[in-house]
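Numbering (the UniProt record's numbering), first residue to last: 1 to 136. For glycine and all other residues, C-beta sits at the position ideal for the given N, C-alpha and C.
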């Protein structure tokens with residue numbers, strides 16, 4: 001199977017899984033490629049959701065009792081607090097996961113510190129088009 005076809009298939013399977021969670025009124029809040037597993041037969045399994053006690057990951061290496069949020073995957077409106085997270089904010093995270101998939105596993109915004117990302121996004125900065133994506 002061609003690489004791009006597999007990437008599309010993984011993206012579609014994640015979309016189906018997220019649609020299922022949404023139909024159950026579950027907001028993931030932490031969707032990232034690291035929370036997507038593949039079975040031995042390449043079936044997609046979404047993990048890392050459920051009730052959480054969150055704190056923003058400032059990239060300072062400190063960790064407390066709270067779960068650290070992967071801010072580079074968070075919708076801009078949720079970067080200060082996840083209290084307003086909705087299925088729409090999960091859609092933003094899904095877009096970042098698609099970017100991860102089609103960039104073949106690169107980390108989003110690699111040269112931007114987490115604490116600087118909200119202001120950069122407010123100024124309109126976005127992820128570049130991955131090489132595995134054509135213009136359509």
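Beta carbon of residue i, beta carbon of residue j: below 9 Å?
i           : j           : result
residue 45  : residue 11  : no
residue 27  : residue 90  : yes
residue 132 : residue 103 : yes
residue 129 : residue 107 : no
residue 118 : residue 76  : yes
Who are the near neighbours of residue i in its chain, counting only those whose CB is closer than 6 Å to its CB and skipping five residues on each side?
i           : result
residue 48  : 30, 35
residue 33  : 97, 100
residue 122 : none
How far does the alpha helix (DSSP H) with residue i in it extend, from its first residue to its last?
i           : result
residue 36  : Segment 36 to 38 is the beta strand (DSSP E) holding residue 36; no alpha helix (DSSP H) there.
residue 20  : 3 to 23
residue 118 : 117 to 122
residue 73  : Per DSSP, residue 73 belongs to no alpha helix (DSSP H) and is neither H nor E.
residue 89  : 87 to 102
With respect to the beta strand (DSSP E) encompassing residue i, which residues constitute its N-terminal and C-terminal limits?
i          : result
residue 44 : 44 to 46
Take the Cβ of residue i as the centre, count every other Cβ of all protein chains shown within 10 Å, and call the residue buried at 16 or more, exposed below.
i           : result
residue 14  : buried
residue 82  : buried
residue 137 : Any answer about residue 137 is impossible in this case: the structure gives the chain only from 1 up to 136.
residue 126 : exposed
Ordered along the chain, which non-local residues of its own chain (more than five positions away) have a Cβ less than 7 Å from that of residue i?
i           : result
residue 120 : 112
residue 85  : 27, 29, 78
residue 87  : 22, 27
residue 135 : none
Please go through the same chain and pick out, in chain order, the residues whose beta-carbon is closer than 8 Å to the beta-carbon of residue i, but skip the five residues on each side of it.
i           : result
residue 3   : 132
residue 105 : 33
Is residue i close to chain D, meaning its C-beta is less than 9 Å from at least one C-beta of that chain?
i           : result
residue 107 : The structure shown contains no chain D; it holds only a single protein chain.
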